[in-house]
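All remarks here apply to the structure that follows.
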Amino acid sequence: GVHLLLFLYCLLQPLLIAYAPSFPGLISLFSIAYLFSSTTLAPPLLLFTGQYQLGRKWWRWMPIIMFISAFGGGMMLNTVRAAWEVFKRKPGEFRRTPKFGVGATTKGWMKQQYHLKLDPIVYWELAFSAFNFGTLALGISSGYWVASLFPALFGVGSAYVALYTISQTMRINRVQRAAVTIPS
-10 GVHLLLFLYC LLQPLLIAYA PSFPGLISLF SIAYLFSSTT LAPPLLLFTG QYQLGRKWWR
50 WMPIIMFISA FGGGMMLNTV RAAWEVFKRK PGEFRRTPKF GVGATTKGWM KQQYHLKLDP
110 IVYWELAFSA FNFGTLALGI SSGYWVASLF PALFGVGSAY VALYTISQTM RINRVQRAAV
170 TIPS
């Protein structure tokens, strides 16, 4: 449910930023949004606490914790799509992680015939990323620096997930085409 609420927050945040100076009553709503959006800090705090309990220096783990937070935000649209399919009672397609039966490290999986086709959600993820970067620019130009943290994380996360998916699909297709053109 957190991803669904954060998705709604992402859609409303530019409006809150744009209209808050003209309508002071929105400032209190904006404060509630800050409080609500602080729930996104729970996973990083959990990771930080775990590293602290293990005796590791927190500042060494901060880049990894930020990456995990951004990546989690990048998975938001996938969660929203799954929830929408449940809501519409549309039978969703189960996209499994392919198991190629590769036992030896020298045997590659890339030349196998099975792989998932490029999921069209990547285009929505790229659009969502652009939307969040627009919110980031609006937040910074309006002086709402704290409010700009979340669109930055969600923009980076969505772009990373989409671009990684595209690059992986291109790499698999390239290897499979090369395997077909090389005579056995």
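Quick note: the sequence shown uses my numbering, first residue -10, plus one each step.
Even for Gly, the Cβ is constructed at its ideal location relative to N, Cα and C.
Residue i - containing alpha helix (DSSP H), residue span
| i | result |
| --- | --- |
| A126 | I110 to S131 |
| A185 | For the chain, the structure presents residues -10 to 173; residue 185 sits outside this window and is missing. |
| L(-5) | V(-9) to Y8 |
Outcome for residue i when other beta-carbon atoms lying within 10 angstroms are tallied against a minimum of 16
| i | result |
| --- | --- |
| F135 | Looking at the sequence itself, residue 135 is Val, so the reference to Phe does not match. Result: exposed. |
| E114 | buried |
| G144 | buried |
| P140 | buried |
| Q2 | buried |
| G(-10) | exposed |
| G44 | exposed |
| S58 | buried |
Integer Cβ distance of residue i from residue j, believed to fall under 8 Å
| i | j | result |
| --- | --- | --- |
| I110 | N67 | 6 Å |
| A7 | L127 | 7 Å |
Contact with chain D by residue i, beta-carbon distance below 7 Å
| i | result |
| --- | --- |
| F143 | Looking at the structure shown, chain D is missing, and only one protein chain is on hand. |
query: If we count Cβ pairs, one from each stretch, closer than 8 Å, do we get three or more for the region 39 to 59 versus the region 120 to 135?
result: no
message: Would you call the region 59 to 78 in contact with the region 142 to 159, where contact means no fewer than 3 C-beta pairs closer than 8 Å?
response: yes
query: Does the count of Cβ pairs from the region 33 to 51 and the region 116 to 125 closer than 8 Å reach three?
result: no
field: Runs of alpha helix (DSSP H) lying entirely within the region 135 to 165, each at least 4 residues, in chain order
entry: none
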